[in-house]
Amino acid sequence: MERYYQQEIECASRDEIVAIQNKKLKEQVKHVWENVPYYRKKMEKKGITPEDIQSIEDLHKLPFLSKYDLRDSYPYGLLGVPKNQVVRIHSTSGTTGKRVVAFYTQGDIDLWEDCCARAIMAAGGSEEDVCQISYGFGLFTGGAGLNGGSHKVGCMTVPISSGNTERQIMFIQDLQASIICCTPSYAAYLGESMKEMGLGPDDIPLKAGIFGAEAWSEEMRAEIEKTMGIKAYDIYGLTELSGPGVAFECSAQTGMHINEDHFIAEIIDPDTEEVLPEGTWGELVFTAIDKKAFPMLRYRTRDICRLTREKCSCGRTHVKMDKPRGRSDDMLIIRGVNVFPSQIETVLLEHGYQANYQIIVGRENNTDTLDVHVEMTPEMFTDNVTDITKAQKELVAGLRSMLGITAKVTLVAPKSITRSEGKAVRVIDNRKI
Amino acid sequence: MSVKQVSIFLENKPGKMCEMTDVLAANKINMRALSLAETEGFGIVRIIVDDVYDATTVLKDAGYINKLTSVVIVAIPDSPGGLKHVLEVLASKQINLDYMYALSTAASSDQAYMVLRVNDHKAAEAAFTKAGIKVVTQEEIAEL
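Respectively, the protein sequence lines represent chains A and B. Residue numbering for the first sequence follows the numbering used here, starting at 1 and increasing by one per position. Residue numbering for the second sequence follows the numbering used here, starting at 1001 and increasing by one per position.
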């Protein structure tokens, strides 16, 4: 049976959702106009005032915000409330050098935790569950967000944070944890460790996992589900928009429902910045319509994504986003070809390797080089050099057909690639261009 | 009758072989024979030890991927033409030799020992025995 945290809103009709969005958007634009001079200047530059935004149809008139705005306005330039109303901050490393610092009022935290509670219940969670939060706690939003959501659902919450794999497994076994929340790469690592300890899917009490904060493929999902005997749910979010829970997966596992009563999603062409029709791949842009301390309007996520509004078997009506195909800023351009790390991951898994890899991009004689480091596994290892070299060549051919360019494959020792208690370092770009 | 060789995956980088031998040394495991096959990126170390179980356990615990492979160890007279005689036996039976390396013996002896990896170790053992060439068993390695 499908569980909902706030069924009325999660299953509201399209008209009801649009009415909520219209009302909240108008209020939010007024709030930002009055309290965030940085954004007001941007609006004035475009010659618009809050009067121009009467409904979500007018959303496209508003200026965008990007990582560069966060850098330029650091730290307090986008703060929307007096400091004495802020009860917490979270922070993440920014891709442009400066850290992103996001602010929260108590109300902001409440609505964020509501979103996380929806995600946990969509994964089958209830007050009967023991929910282990293995995301990092601290400045990172993962731990705090899911921890709050788990409280709201009424789960017995285990705020273990990331790392210390032996202790993680001990708590899962001893407390009979039924739900785990962490990054997918850490989930894969935990699964591997449990397998090494001789624990099969039937010995592991977990039934569901909520995994996010980094890109992962369907193949990786299948592997985690098989190793741990769980159902693995995707969750999406970013610090700028509160954290995990902006969108979450339901039992259908065919995309993540965006919490549309809090966030309006658009897809744009990253080059022309034009809004694209629903169903088209493009850059995902979010407008947070009721977050007060850090009110992001038309924030460019750099995630390449697609929205679909087909009726969902879970009963929820909120629009669904696909797993982002990559990020328009961590997409690699190698010898003129667009390369997404997730494509490389897919090929590795298809060829029987594990998703423990590192992509090293370099430059020799003015030509880009692509070196994929893959960890050797007991399954792939034989005493025969010819056989290993042959498998290596097949992998090179597989990568070439997927990417359109030739990559060098280097086999490295097991567990030699840095991972994964936080986010795995997947790409090292040594080019100085 | 065949002997188990331990094959270990190593990265082809400075110090990797040294780290591996350190694991064996720390666990007081003596190698009786060793051969190294290398490619640009990785290598396979093949070793013969007295106790295969001990060696594979400590290697696995230290994070090394390893596999057991059946090999044939033969005793040959330590004199010119000794090896040729052994290889003639294989050739006459159309048994292919993949690789071979020498095994060290503790005492001075008039016998040399060779580790052979062939495509059919059972056929090779039968042919050697018939030709009067001594085939060494796993138990006998410790006494060599």
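All residues carry an ideal CB built from backbone N, CA and C; glycine is no exception.
Residues sharing a beta bridge with residue i, DSSP
i                  : result
Met-1126 (chain B) : In the sequence as presented, Met is not what sits at residue 1126 (chain B); that position holds Ala. Partner(s): none; Ala-1126 (chain B) has no beta bridge.
Cys-182 (chain A)  : A:Phe-211
Pro-1077 (chain B) : B:Gln-1111
Asp-368 (chain A)  : A:Arg-363
Arg-300 (chain A)  : A:Val-285
Tyr-233 (chain A)  : A:Ile-210
Arg-1046 (chain B) : B:Ser-1007, B:Ser-1035
Thr-386 (chain A)  : For Thr-386 (chain A), which the question treats as bridged, DSSP gives no partner whatsoever.
Met-156 (chain A)  : A:Val-130
Lys-1067 (chain B) : B:Ser-1007
Tyr-357 (chain A)  : A:Val-374
Met-321 (chain A)  : A:Met-256, A:Leu-307
Ile-9 (chain A)    : Per DSSP, none; premise fails for Ile-9 (chain A).
Leu-1157 (chain B) : Nothing in the structure corresponds to residue 1157 (chain B), since chain B is present only between 1001 and 1144.
Arg-265 (chain A)  : Per the sequence shown, residue 265 (chain A) should be read as Ala rather than Arg. Ala-265 (chain A) is bridged to A:Phe-286.
Gly-326 (chain A)  : A:Ile-304
Leu-238 (chain A)  : A:Gly-243
Val-1135 (chain B) : B:Val-1074
Exposure of residue i, with buried meaning 16 or more beta-carbon neighbours within 10 Å
i                  : result
Gly-198 (chain A)  : exposed
Gly-243 (chain A)  : buried
Thr-96 (chain A)   : At Thr-96 (chain A) the pLDDT is 41, less than 50, meaning the model places this residue with poor confidence; the figure from the coordinates comes in the next sentence. The residue in question, Thr-96 (chain A), is exposed, as its Cβ has fewer than 16 Cβ neighbours within 10 Å.
Ser-498 (chain A)  : Absent from the structure is residue 498 (chain A), since the part of chain A shown begins at 1 and ends at 433.
Thr-308 (chain A)  : exposed
Tyr-1053 (chain B) : exposed
Thr-227 (chain A)  : buried
Leu-1144 (chain B) : buried
Asn-259 (chain A)  : buried
Val-425 (chain A)  : exposed
Lys-1007 (chain B) : Looking at the sequence itself, residue 1007 (chain B) is Ser, so the reference to Lys does not match. When all chains shown are included, Ser-1007 (chain B) counts as buried.
Ile-333 (chain A)  : exposed
Glu-1125 (chain B) : buried
Asp-269 (chain A)  : exposed
Thr-418 (chain A)  : exposed
Val-29 (chain A)   : buried
Arg-434 (chain A)  : The structure shown does not extend to residue 434 (chain A), since chain A is modelled only from 1 to 433, so the question has no answer here.
Tyr-76 (chain A)   : exposed
Arg-1032 (chain B) : buried
Ala-12 (chain A)   : buried
Lys-292 (chain A)  : buried
Asp-387 (chain A)  : exposed
Run of the alpha helix (DSSP H) containing residue i, from where it starts to where it stops
i                  : result
Thr-272 (chain A)  : Taken as a continuous stretch (DSSP letters only), Thr-272 (chain A) belongs to no alpha helix (DSSP H), as it is neither H nor E.
Phe-171 (chain A)  : 165–174
Asp-69 (chain A)   : 67–72
Leu-349 (chain A)  : 341–350
Leu-25 (chain A)   : 14–35
Leu-1059 (chain B) : 1052–1061
Val-1023 (chain B) : 1016–1026
Leu-1090 (chain B) : 1082–1092
Ile-333 (chain A)  : That residue, Ile-333 (chain A), is in no alpha helix (DSSP H); its beta strand (DSSP E) goes 332–334.
Lys-226 (chain A)  : 218–228
Gln-253 (chain A)  : Per DSSP, Gln-253 (chain A) belongs to no alpha helix (DSSP H) and is neither H nor E.
Gln-1138 (chain B) : 1138–1141
Segment limits, beta strand (DSSP E) that includes residue i
i                  : result
Cys-131 (chain A)  : 130–133
Tyr-104 (chain A)  : 100–104
Tyr-1099 (chain B) : 1097–1103
Glu-249 (chain A)  : 243–249
Lys-408 (chain A)  : 408–412
Glu-260 (chain A)  : Glu-260 (chain A) -> no beta strand (DSSP E), and no H or E assigned at all.
Arg-88 (chain A)   : 88–92
Val-427 (chain A)  : 427–429
Heavy atom of the ligand PLP within 8 Å of residue i beta-carbon
i                 : result
Ser-217 (chain A) : In the structure shown, the ligand PLP is absent, as is every other ligand, since no ligand is present at all.
At least three beta-carbon pairs within less than 8 Å, the segment 1014–1021 of chain B to the segment 1079–1091 of chain B: The answer is no - the segment 1079–1091 of chain B does not touch the segment 1014–1021 of chain B, with fewer than three Cβ pairs under 8 Å.
Stretch-stretch touch, CB-based, cutoff 8 Å, three pairs: the segment 355–364 of chain A with the segment 232–248 of chain A: Three or more Cβ pairs closer than 8 Å define a contact, and the segment 355–364 of chain A falls short of that threshold against the segment 232–248 of chain A.
The segment 100–117 of chain A contacting the segment 158–173 of chain A, beta-carbon criterion three pairs below 8 Å: By the criterion of at least three beta-carbon pairs nearer than 8 Å, the segment 100–117 of chain A is not in contact with the segment 158–173 of chain A.
Cβ contact (3+ pairs, closer than 8 Å) linking the segment 60–70 of chain A and the segment 32–46 of chain A: The segment 60–70 of chain A vs the segment 32–46 of chain A: in contact.
Meets three-Cβ-pair contact criterion under 8 Å: the segment 309–319 of chain A and the segment 247–259 of chain A: Short answer: they touch.
Meets three-Cβ-pair contact criterion under 8 Å: the segment 260–280 of chain A and the segment 335–354 of chain A: They do not touch, by the three-pair rule.
Inter-stretch contact (C-beta, 8 Å, three-pair minimum) for the segment 345–353 of chain A and the segment 374–393 of chain A: Remark: three or more beta-carbon pairs, one from each stretch, lie closer than 8 Å, so the segment 345–353 of chain A and the segment 374–393 of chain A are flagged as touching.
The segment 284–298 of chain A touching the segment 205–224 of chain A, judged by at least three CB pairs closer than 8 Å: Judged by Cβ distances under 8 Å, the segment 284–298 of chain A makes no contact with the segment 205–224 of chain A, as fewer than three pairs qualify.
Three-pair Cβ contact test at 8 Å for the segment 190–205 of chain A versus the segment 165–176 of chain A: Output reads yes: the segment 165–176 of chain A touches the segment 190–205 of chain A.
Cβ pair count under 8 Å reaching 3, the segment 31–39 of chain A against the segment 132–152 of chain A: No contact exists between the segment 31–39 of chain A and the segment 132–152 of chain A.
The segment 1063–1076 of chain B contacting the segment 1131–1141 of chain B, beta-carbon criterion three pairs below 8 Å: Taking 8 Å as the limit for Cβ pairs, the verdict is that the segment 1131–1141 of chain B does touch the segment 1063–1076 of chain B.
At least three beta-carbon pairs within less than 8 Å, the segment 127–134 of chain A to the segment 8–27 of chain A: As far as the Cβ criterion goes, the segment 127–134 of chain A does not touch the segment 8–27 of chain A, which means the pair count is below three.
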